[in-house]
Amino acid sequence: MNSHLFTHDFWGIWQVVPQTLGLSLVILLLSVILGTLYWKMQGSRFRIPRLIYQILNSYFRGIPLLIHLLIFYYGIPIVVKVVSSRFNLGININQISSMYAVVISYTLYSATFLEEIIRGSFKSVGEDQLEAAAALGYTSGQSFWAVKLPQALSDAIPKILNYYTLLIRQLSLAFLVSVVDIFAKAKIQSATNDGYVEAFTAAAIVYWIVCIVLTLIFSRVEDYLRRSDRRVLA
Amino acid sequence: MYLTTRLRKNKFLILRKWVSVIHNFAYIIGLFRQLLTGVPITLMFILISWIIGFALSGIITLGRLSPKKYFSFPLNTLVSFVRSVPIVLQLFLVYYGFPVLVEKFIGVNINNINKMVFCVITFSIYYGFYLSEILRPAYLSVKQEQRDAAFGLGYTKSQANIHVIIPQMFSVAIPSLGNEVINLIHQSSILFVLGTVDLMGQADMIITTDYTASPLLTYFCAGMIYWVITIIVSIIIRLLEFRIDRYQVDDVKGGRTI
Amino acid sequence: MINISNIHKSFGNQTVLSGIDLHARTGDVVTLIGPSGTGKTTLLKCINLLETPDQGEIEIDHVKIKIPITNTNEILTLRRKTAMVFQQYNLFRNQTVIQNIVQPQVLVKKTDKHTARDRAEKFLKEVGMQDYYRYYPAQLSGGQQQRVSIARALALDPKVILFDEPTSALDPELSKDVLEAIRKVADLGITIILATHEMQFAEEISDQVIFMEKGQIVESGSPKQIFYNPQNDRTREFLKNYVVRAPRLSTLPTENKKQFRVV
Ligand SMILES: Nc1ncnc2c1ncn2[C@@H]1O[C@H](COP(=O)(O)OP(=O)(O)O)[C@@H](O)[C@H]1O
Ligand SMILES: [Mg+2]
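Protein chains in written order, with this note's numbering: chain A, 1 to 234; chain B, 1001 to 1258; chain C, 2001 to 2263.
In structure tokens, the structure reads:
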């Protein structure tokens, strides 16, 4: 292993860390929104939204993320072309960024998992808490905003943050559609310098550091959110 | 005159449309047929990686539970590493790094070895460490009371483990293990980047060799096959879960607290 | 015969037992009473070495272990002379009632499955649980689980059964059947060491009562001595809270009855 090459790759890869984290964050936020919508559909009184949710859920979870990504990558230009020619929008499909494919496919995929987190968190708020609120004369709106939502959030946020670190790793598939994240950068470096082991080792260490730092921060957040569950006051 | 030609032309068009439908239909059948040739390889890969990975995770969990620091510390560090790095990167690391290591330390050139070997090595190691993150908490979740009871009755350590603690550990771990099986099926789709001939590899091959093939349709069909595999495996897991978990069924009714 | 002498035990820098001695003849019922956190559970667990004492000597049925333990095989030998019934029943959750009783016999006593099953059925009958042998613990009430746990202990044919507050987790009505089962164990002539807060039961069943506090034996003697003529102030103080218990309600003057209902 060439140590000079390794250091060069290592610092080079750090350049793309911010955009990797940023893109993952965008996907995470969109997934939370869509996940909430899924959750509403899942618990709907009506048959149709429930059915749509079930089909979407099974479809997105039944097929590898990688394939979703490729389907959107090849599918989006086709759809845009049809729409564009029908409404005379004059969009040049060669100019569509593959970033859209990444964001849309990842969001649709992740949202099903976030729905599960959100649903679980709301379920984890005990019936007794809501009864207590009702007995105190809270309206149902008050009991949602003041009791149910805060408790559900403190359960959900650590899990959502945990999902964020997963997303960062999953984003490594984006190299297939030439979106540059940590892994894709390593792959580019390895090809230009002809140092595969160096570049991939460097990337692995970058991932490791990023993951450890994020986990450390997130566990602080979790400690704070779960402070009411602690037996002993620190 | 004009009308008849137009009619004839119309008829001709309808005919052509049907020919094209049949043609497309036959094309899709052919597509599925080629994709399906990759399925046995995908299934075989999943089975082998799971068995090796699972066995490995048992050993790793044992090591991590050991009170001896020089066992648990390096293993915990490796778990943290394996969990932090995307599997596709680990695949490349093994693919490029492993032959270098072997050449350096054993002096054997393994560059021409079947690519599938590297894939199995990567996934076995990955799941070996990954699954220990499920098994270890499951093991620890078995209550101290259960151990006390076993030892109090005069069970040896291994008797207590085999008959009491490990069965209970599995009933805790099974749902998560099931999720990981499905995860493994899906993650195996990345192997094609090394040019394997599994399900996804077949899809990739169709697209690269036949420039008239539609990538969208090909990937979609491959996705359908993954979907079916996932559904079948989920059903099997659900049945297994039900069997293993039967003694917890009435727990929720609160019988225990009376 | 049981001889336990000078047992010491600390957790970290907290001393839980400081020099406990205990002697029991075969067939004796020895009752441990005392406030919570006093070390009763720890003492019982030291007797079958679920906790390792820091110092002391344990002898059960001619097997003698001196701390520090040099031969770890002896632990198993000693344990197999005893059985324990826990406060939280501790039935194996992954096994049915019958499996819970058969398996320990097969694994520990090397009894063949057939005999083990017959014995299991016999002891289940003894505690009145013969109709439940296919149930899982989670499907039973606490009192039922505790009775199965007693059958499990009996099936191992132990020299001594250690009971750790067997009824503390139960409602009073459910305790009755469990106490009945313990009485049967005593009638079978098996040595019993019992930690409990059921003073009336202790008075009826014991040959020897030991009052413990803060890891020490304050006073011990026959039930008559301890309950009716305690010598130590601390014993008196402790027993004051227990003198009148719900079961004796009928014997109380009417004005006191009301007070008790409120409590
Ligand atoms: N495993 C343990 N680790 C630390 N402290 C313990 C442990 N077990 C018991 N203790 C402590 O020992 C003391 C005696 O406990 P225990 O024997 O359970 O009392 P009792 O059964 O009389 O209520 C308590 O203060 C308890 O906190
Ligand atoms: Mg106790």
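Glycine included, C-beta positions come from ideal geometry on N, C-alpha and C.
For C/Ala-2138, the closest C-alpha among the options C/Val-2178, C/Ala-2151, C/Asn-2090 and C/Leu-2174 is that of C/Asn-2090.
Looking from the CA of A/Leu-214, the closest CA among A/Glu-198, A/Ile-168 and A/Thr-192 belongs to A/Ile-168. For the options C/Gly-2027, C/Met-2001 and C/Leu-2043, the alpha carbon positioned closest to that of C/Thr-2015 is the one of C/Leu-2043.
Inside the stretch 6 to 71 of chain A, DSSP marks whole alpha helix (DSSP H) runs of 4 or more residues at positions 17 to 42 and 47 to 62, from first to last along the chain. Close to C/Met-2129, with beta-carbon spacing below 8 angstroms, lies no residue of chain B; the smallest spacing is near 14 angstroms. For the stretch 1219 to 1246 of chain B, the set of residues with a beta-carbon nearer than 7 angstroms to any beta-carbon of chain A comprises Tyr-1219, Phe-1220, Ala-1222, Gly-1223, Tyr-1226, Trp-1227, Thr-1230 and Ile-1231, in chain order.
Neighbourhood of ligand 2, defined by CB distance below 7 angstroms to any of its heavy atoms: C/Ser-2036, C/Lys-2040, C/Thr-2041, C/Gln-2087, C/Asp-2164, C/Glu-2165 and C/Ala-2195, in chain order. Judged by DSSP secondary structure, B/Val-1094 falls within the alpha helix (DSSP H) whose first and last residues are 1087 to 1105. For C/Lys-2066, there is no enclosing alpha helix (DSSP H); the residue is part of the beta strand (DSSP E) that begins and ends at 2063 to 2066. Nearest CB-CB separation between A/Ile-71 and chain B: below the 8 angstroms threshold.
If you draw a straight line from the Cα of C/Ser-2206 to the Cα of B/Leu-1239, it comes to about 52 angstroms.
Each of C/Ser-2036, C/Gly-2034, C/Thr-2038 and C/Asn-2048 was checked against the Cα of C/Ile-2004, and the nearest Cα belongs to C/Asn-2048. The bridge partners DSSP lists for B/Val-1233 come to none. At a cut-off of 7 angstroms, the beta-carbon of C/Gly-2034 counts as near ligand 1: some heavy atom of the ligand is closer than that.
If you check each beta-carbon in the stretch 156 to 178 of chain A against every beta-carbon of chain B, the ones closer than 9 angstroms belong to Thr-165, Ile-168, Arg-169, Gln-170, Leu-171, Ser-172, Leu-173, Phe-175 and Leu-176. The Cβ atoms of C/Arg-2152 and C/Ile-2101 lie closer than 8 angstroms to each other. Per the C-alpha coordinates, the member of C/Ile-2069, C/Val-2209, C/Asp-2187 and C/Glu-2074 positioned closest to C/Asp-2061 is C/Glu-2074.
Residue burial annotation: A/Glu-198 is buried, with at least 16 other C-beta atoms found within 10 angstroms of its C-beta. Bounds of the beta strand (DSSP E) holding C/Leu-2194 are 2191 to 2195. Between the stretch 1045 to 1054 of chain B and the stretch 1116 to 1128 of chain B there are three or more C-beta pairs closer than 8 angstroms, enough to call the two in contact. At a threshold of 7 angstroms, A/Phe-144 does not count as near ligand 1, since its beta carbon sits no closer than that to any of the ligand's heavy atoms. Between B/Ile-1244 and B/Ile-1165, the C-beta spacing is not below 8 angstroms. Nearest C-alpha to C/Thr-2111 among C/Glu-2219, C/Ile-2193, C/Thr-2082 and C/Ala-2155: C/Ala-2155. For A/Met-1, there is no enclosing beta strand (DSSP E), as DSSP marks it with neither H nor E.
Annotation for C/Phe-2238 indicates a beta carbon at 7 angstroms or more from all heavy atoms of ligand 1. With contacts defined by Cβ atoms closer than 8 angstroms, A/Leu-30 and A/Val-79 do not form a contacting pair. Measuring C-alpha to C-alpha distances from A/Ile-67 to each of A/Asn-2, A/Tyr-138 and A/Leu-108 identifies A/Leu-108 as the nearest.
In the structure shown, A/Gly-120 falls within a helical segment according to DSSP collapsed to helix, strand and coil. Collapsing the DSSP output to three states places A/Val-180 in coil. If you check each beta-carbon in the stretch 2130 to 2164 of chain C against every beta-carbon of chain B, the ones closer than 7 angstroms belong to Tyr-2136, Ala-2138, Gln-2139, Leu-2140, Ser-2141, Gly-2142 and Leu-2156. By the CB criterion at 8 angstroms, C/Phe-2201 and C/Leu-2174 fall outside the cutoff.
Residue side-chain check: C/Gln-2216 keeps its Cβ at 7 angstroms or more from all non-hydrogen atoms of ligand 1. Nearest CB-CB separation between A/Thr-201 and chain B: below the 8 angstroms threshold.
For A/Val-213, the secondary structure class from DSSP, reduced to helix, strand or coil, is helix. At least one heavy atom of ligand 1 sits closer than 7 angstroms to the Cβ of C/Phe-2011.
Contact with chain A is absent for B/Gly-1128, since none of that chain's Cβ atoms lies less than 8 angstroms from the residue's Cβ.
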